[in-house]
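Read the structure below first, then the notes.
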Amino acid sequence: MFDTLSDRLTAALQTLTRKGRLSDADIDATAREIRIALLEADVALGVVKTFIARIKERAKGAEVSQALNPAQQVIKIVNEELVAILGGETRRLNLAKTPPTVIMLAGLQGAGKTTLAGKLALWLKKQGHAPMLVACDLQRPNAVTQLQVVGERAGVVTFAPEPGNGVGDPVDVARRAIAEAKHAQHDVVVVDTAGRLGVDEELMKQAADIRDAVDPDEVLFVVDAMIGQDAVTTAEAFRDGVGFTGVVLTKLDGDARGGAALSVREITGQPILFASNGEKLEDFDTFHPDRMASRILG
Ligand code: GDP
Numbered sequence: 001m002f003d004t005l006s007d008r009l010t011a012a013l014q015t016l017t018r019k020g021r022l023s024d025a026d027i028d029a030t031a032r033e034i035r036i037a038l039l040e041a042d043v044a045l046g047v048v049k050t051f052i053a054r055i056k057e058r059a060k061g062a063e064v065s066q067a068l069n070p071a072q073q074v075i076k077i078v079n080e081e082l083v084a085i086l087g088g089e090t091r092r093l094n095l096a097k098t099p100p101t102v103i104m105l106a107g108l109q110g111a112g113k114t115t116l117a118g119k120l121a122l123w124l125k126k127q128g129h130a131p132m133l134v135a136c137d138l139q140r141p142n143a144v145t146q147l148q149v150v151g152e153r154a155g156v157v158t159f160a161p162e163p164g165n166g167v168g169d170p171v172d173v174a175r176r177a178i179a180e181a182k183h184a185q186h187d188v189v190v191v192d193t194a195g196r197l198g199v200d201e202e203l204m205k206q207a208a209d210i211r212d213a214v215d216p217d218e219v220l221f222v223v224d225a226m227i228g229q230d231a232v233t234t235a236e237a238f239r240d241g242v243g244f245t246g247v248v249l250t251k252l253d254g255d256a257r258g259g260a261a262l263s264v265r266e267i268t269g270q271p272i273l274f275a276s277n278g279e280k281l282e283d284f285d286t287f288h289p290d291r292m293a294s295r296i297l298g
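For what it's worth, the working numbering labels the leading residue of the sequence shown as 1, then goes sequentially.
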């Protein structure tokens, strides 16, 4: 994952290790290399500019340190700034004081929402919760069945519209699901919603209507990391149309570049909560900015 970016950053920083003192010109040259590496990784231009400006400012202003040589100091700064653009602290899932916690998933079709619902359910179960999945993607043929299948694999209950009752009205399904969750004592409800191939108004309105009906504790924007910087445009559309409290990056296993991962937090202002890295339900975990930064720096 992100091999080219890692290699290029390592190479850019390695040229510094041969130097005793760093001049401003050395720092500018390294910053240029880092800039190219980030742009090639498809990181959004605005994010790259802010990142490079921070590195230069901090590296040029760095105090002479006893413990670290100049090159190590720059590496430390780059690492800290990578952690910062990835979100800083690990952000935990927001749980409701009075259950059920409602988590709504939103994103484009194919982003990995349904798969994520299963992954999240399994993860929640392992944390001692009793989750319930809710099928509110009534647009895509088979979406309900697909959710039921991942629910079964995760060993959790899936609430789906019965034939003739609520079919075609996701808002009604969502409302009834919350009532059922309270009744059956499910403490977390994960609501899968419809996605389209592209952002459209009808999709946004439907998602906003479901949001208003269920008053979620978290709205997670699910985005395929492989679409790189395009994730930014999609994220902005969902932020303006529905609003979200966190991001889930999917298909990190297939993302060779890293553009989405490095751009989405800074652009949307919302933290990345989870990362999905495979088709199996277990290929999923909490997102840790510091661990990701260490992996990128190799
Ligand atoms: P939805 O339309 O947003 O509900 O997306 P799906 O959950 O149906 O996922 C679309 C495709 O992506 C399916 O073939 C999934 O198996 C696949 N997929 C989902 N998450 C991941 C992931 O993290 N890694 C990989 N490699 N494939 C994934």
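Glycine included, each C-beta is placed from N, C-alpha and C at the ideal position.
Assign P300 to buried or exposed, taking buried as 16 or more other Cβ atoms, counted over all protein chains shown, within 10 Å of its Cβ. Given that the chain is displayed from residue 1 to residue 298, the structure contains no residue 300 and the question cannot be resolved.
Could you say if the region 221 to 241 and the region 258 to 267 meet the contact criterion of at least three C-beta pairs nearer than 8 Å? yes
State buried or exposed for P131, treating a residue as buried only when at least 16 other CB atoms are found within 10 Å of its CB. Residue numbering aside, residue 131 sits at position 131 when the sequence shown is read from its first letter. So P131 ends up on the buried side.
Please state whether DSSP places P131 in a helix, a strand or coil. In the sequence shown, counting from the first residue as 1, residue 131 sits at position 131. Looking at P131 - three-state DSSP - the assignment turns out to be strand.
Environment of R92 [buried if 16+ CB atoms lie within 10 Å]: Counted from its first residue, the sequence shown places residue 92 at position 92. Exposed, by the Cβ-count rule.
From which residue to which residue does the beta strand (DSSP E) around S276 run? Here the question's residue 276 lines up with position 276 in the sequence shown. Per DSSP, S276 belongs to the beta strand (DSSP E) from 272 to 276.
For D285, list the residues DSSP reports as bridge partners. Residue 285 sits at position 285 when you count from the first residue of the sequence shown. Looking at the DSSP assignment, D285 forms a beta bridge with A275.
Classification of E162 by the beta-carbon crowding that lies within 10 angstroms, buried from 16 upward: Taking the sequence shown and counting its residues from 1, the one referred to as residue 162 is at position 162. Exposed, since its Cβ has fewer than 16 Cβ neighbours within 10 Å.
Sequence-distant residues of its chain with Cβ nearer than 7 Å to A237 (five each side left out): Working through the sequence shown from its first residue, we reach residue 237 at position 237. The residues are V199.
Among K251, D255, V264, V247, which has the Cα closest to the Cα of L273? By one-based count along the sequence shown, residue 273 stands at place 273. Closest option to L273, Cα to Cα, is V247.
Using CA coordinates, which residue listed in D28, V156, L147 is at the minimum distance from L122? Stepping through the sequence shown from its first residue, residue 122 is reached at position 122. Among D28, V156, L147, the Cα nearest to that of L122 is on V156.
Please report how far the alpha carbon of D28 lies from the alpha carbon of A59, in whole angstroms. Working through the sequence shown from its first residue, we reach residue 28 at position 28. Working through the sequence shown from its first residue, we reach residue 59 at position 59. Their backbone Cα atoms lie some 10 Å apart in a straight line.
Through-space distance from A12 to F51, alpha-carbon basis: On the sequence shown, position 51 is the one that residue 51 refers to. On the sequence shown, position 12 is the one that residue 12 refers to. The straight-line gap from Cα to Cα measures roughly 15 Å.
Under DSSP, the beta strand (DSSP E) around V199 begins and ends at which residues? Start at 1 with the first residue of the sequence shown, and residue 199 comes out as number 199. Looking at the DSSP string, V199 is not in any beta strand (DSSP E), and its letter there is neither H nor E.
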